[in-house]
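Quick mapping for you: the protein sequence lines, in order, are chains A and B.
When we follow this note's numbering, the leftmost residue of the first sequence carries the number 1, and every step to the right adds one.
When we follow this note's numbering, the leftmost residue of the second sequence carries the number 1001, and every step to the right adds one.
For glycine and all other residues, C-beta sits at the position ideal for the given N, C-alpha and C.
Inspection log for the structure reproduced underneath, given as structure tokens.
Protein chains: 2
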Amino acid sequence: MVPETENLQQFIAKCAEVVDSKLDKLVPTADIEPIALHRAIRHSLFAGGKRFRPAFVFAVGNVFGVSNDKLINVAAAIEMIHTYSLIHDDLPSMDDDDLRRGRETCHKKFGEATAILAGDALQNMAFQAIVDDVGLSAETRIRLVSIIADASGTPFGMVAGQQEDLTAEGQEITIEQLEQIHRAKTGSMIRVSAQSGAIIGDAGDVEFEAITDFAENLGLLFQITDDLLDVTQSTKTLGKTAGKDISASKATYPAVYGIAESQNMAEKVHEKACRELARINKPTQLLRDVADFILHREK
Amino acid sequence: MVPETENLQQFIAKCAEVVDSKLDKLVPTADIEPIALHRAIRHSLFAGGKRFRPAFVFAVGNVFGVSNDKLINVAAAIEMIHTYSLIHDDLPSMDDDDLRRGRETCHKKFGEATAILAGDALQNMAFQAIVDDVGLSAETRIRLVSIIADASGTPFGMVAGQQEDLTAEGQEITIEQLEQIHRAKTGSMIRVSAQSGAIIGDAGDVEFEAITDFAENLGLLFQITDDLLDVTQSTKTLGKTAGKDISASKATYPAVYGIAESQNMAEKVHEKACRELARINKPTQLLRDVADFILHREK
């Protein structure tokens, strides 16, 4: 199925605009001391990221009839957590990457110490952005912080996944281990983006579960297509170092299954994700479009 | 004035016992994957830290008549944030320290990547421990996360202070800059420990302000005595590398004022702190004992 490219791309562009404007308000300006720290934070935060996770918060929230002003803080918070993880993952002791989103990584430009602190500050500001969101009830804010902390922490979240990824580097791992790593490292934050929209939208239990399953499949789809893009696209198109996974002999779908079979898997996961949407008693075309978009994305 | 050493040391020992037991429950055990990450977290968290900040939460909370079970999660959370900051501050790109609390620093034992992730996970778990504390109202939890995020973040909190400290290294700085660095880096977390106890204890505005001023002076006192201990005590007594500040030519009170004048300053700050307690309409002897304890501490 061909994605509704035009509408969805407009939607994503609009989300990026809204979330960028909110992030600009939440983060200290670059003329406030300590200047190096705030410049470093802004360097990584405003580097032309796709804002996929915020768009996903908005998409699910919109399906549940929530207005954007109730979604914007948590969307910005999730993007801050994503950005902090990229800054730390790029460090020399981690993935040691020089290029991210088409520009120098944070530590290349500002030094390792400032990059570590920039990441620390972004995690901090993310949780603050949620608890300070007076548009949501205290109970909703509590639930959001808790579920997002789970998704970005350990033992099941993003930080655990990054640790597992480091441990697995250069080792033979099973496909179950590979999927477990992706689920924790990438999938959990994509899942919680969708869940946040559903929580703010007062989704019932069945709908919350359907959104969770949909998002988990989408997270897997995102990872498979990410791995595929790494081997099929150039560094220039990606804005990060292409072929990086191969040179570091990291476990990827194409490395384990080959390119053709990985593409086949991507289609099956996409189908499975879309089947979950039937359990949601709302117009879900927007979410189907998101799934299509990820399947067919070129960067 | 001679401190009520025996009673207060019993109180601090009891607080340490209670907070250690809670931390043990909050942090994944070392046999849960990813094992290296959880071992690293526990290595730094259970390294015989003084648990001064948790004791301060308990002391203020007790003055306001709060039972320990309502204070324990936030006390543990503040200790987790303190520990994450130590792990990151010790990294080679930051203070590059090999020894902390008498044992190898986290990155010396587990590698830099795992140490960075251990710090990230601890910050995450800290906020989660507060929002998951069902013994407190949602509003109280929200207020605690917000004020603790302020105190540990940027531009006025701990992360900002660490950045300013790094920038100041090897430079001539004024005493105003020195105090600003300490206020952000160390003072803010000590202040928020006291404020947290006061918030949970439903302190009125005047009392909250008095506790804030008391704690700010105590934070300053803590830093002056810390700087003094660095030049007057051996590495063995301190459990961290003594003379470190001098060898790194960092700005310290003894470096700027000399030892005798720094000791004189410590006594004046102590006096000022204790004067604030008169504004609190509760028995505050416990807080006076804490102030005495910091003035006279030997490690």
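Annotation for A:ILE72: VAL18, VAL19 and LYS22 place their beta carbon closer than 8 angstroms to its own, counting only its chain and skipping 5 residues before and after. Membership of B:GLN1171 in any alpha helix (DSSP H) is not indicated, and neither H nor E is assigned to it by DSSP. By the neighbour-count definition (other C-beta atoms within 10 Å, threshold 16), B:ALA1013 is an exposed residue. Residue pairing by DSSP leaves B:GLU1033 without any beta bridge partner.
Going by DSSP, B:ASN1281 is part of no alpha helix (DSSP H) at all; its letter is neither H nor E.
At the C-beta level, A:ALA203 and B:MET1094 stay beyond 8 angstroms of one another.
The residue among B:GLN1171, B:GLU1079 and B:CYS1106 with its C-alpha nearest the C-alpha of B:THR1186 is B:GLU1079. When CB distances to chain A are screened at a threshold of 7 angstroms, the residues of the segment 1068 to 1101 of chain B falling below it are HIS1088, LEU1091, SER1093 and MET1094, in chain order. Take the alpha-carbon of B:GLY1102 and the one of B:GLY1049: they are about 10 angstroms apart. Interface with chain B (8 angstroms Cβ-Cβ cutoff): A:GLY153 is included. Across the segment 14 to 35 of chain A, CB contacts with chain B closer than 7 angstroms involve PRO28, ILE32, GLU33 and PRO34, in sequence order along the chain.
Close to A:ASP202, with beta-carbon spacing below 9 angstroms, lies no residue of chain B; the smallest spacing is near 16 angstroms. Under the three-state reduction of DSSP, B:GLU1104 is assigned to strand. Residues are counted here when their Cβ sits less than 7 angstroms from a Cβ of chain A; for the segment 1135 to 1147 of chain B these are ALA1138, GLU1139, ARG1141, ILE1142, VAL1145 and SER1146, given in chain order.
Around the C-beta of A:ARG275, fewer than 16 other C-beta atoms lie within 10 Å, and the residue is accordingly described as exposed.
Per the C-alpha coordinates, the member of A:MET125, A:ILE142, A:ASP205 and A:GLY111 positioned closest to A:LYS25 is A:MET125. Along the segment 105 to 117 of chain A, going in chain order, the ones with a CB nearer than 9 angstroms to a CB of chain B are HIS107, GLY111, GLU112, ALA113, THR114, ALA115, ILE116 and LEU117.
Distance from the CA of B:TYR1257 to the CA of A:GLY111, rounded to the nearest whole angstrom, comes to 32 angstroms.
Burial check for B:ASN1062: the Cβ neighbour count within 10 Å reaches 16 or more, so the residue is buried.
Taking each of B:LEU1117, B:GLN1195, B:ASP1165 and B:PRO1092 in turn and checking the Cα distance to A:ALA160, the smallest one comes out for B:LEU1117. A:ASN217 counts as buried, since at least 16 other C-beta atoms from the protein chains shown sit within 10 angstroms of its C-beta.
Taking a beta-carbon distance threshold of 8 angstroms, A:PHE293 does not count as an interface residue toward chain B. In the three-state scheme derived from DSSP, where H, G and I count as helix and E and B as strand, A:LEU99 is classed as strand. Not a single C-beta of chain B is nearer than 8 angstroms to the C-beta of A:ALA198. Inter-residue distance for B:ARG1143 and B:ILE1280 is about 22 angstroms (C-alpha atoms, whole angstroms).
A:PRO54: member of the alpha helix (DSSP H) spanning 52 to 63, first to last residue. Between B:ALA1273 and B:LEU1221, the gap from beta carbon to beta carbon is short of 8 angstroms.
Within the segment 1153 to 1171 of chain B, contact with chain A at the beta-carbon level (separation under 7 angstroms) is assigned to GLY1153, THR1154, PRO1155, VAL1159, ALA1160, GLN1162, GLN1163, GLU1164, LEU1166 and THR1167. Scanning B:GLU1139, B:PHE1046 and B:PRO1155 for the CA closest to the CA of B:LEU1122 turns up B:PHE1046. The beta carbon of A:GLY153 lies closer than 6 angstroms to those of VAL159 in the same chain, with the five residues before and after it left out.
Distance from A:THR225 to A:LEU295 at the Cβ level is roughly 7 angstroms; contact confirmed, criterion being Cβ atoms closer than 8 angstroms. No residue range can be given for B:VAL1134, since it is assigned to no alpha helix (DSSP H) and is classified by DSSP as neither H nor E. At a cut-off of 8 angstroms between beta-carbon atoms, A:LEU218 makes no contact with chain B. Residues ALA1059 of the same chain have their beta carbon placed closer than 6 angstroms to that of B:VAL1290, with the five preceding and five following residues left out of the count. DSSP, read as helix, strand or coil, puts B:LEU1091 in coil. Along the segment 122 to 135 of chain A, the positions whose C-beta sits under 8 angstroms from a C-beta of chain B are GLN123, ASN124, MET125, PHE127, GLN128, VAL131 and ASP132, read in chain order.
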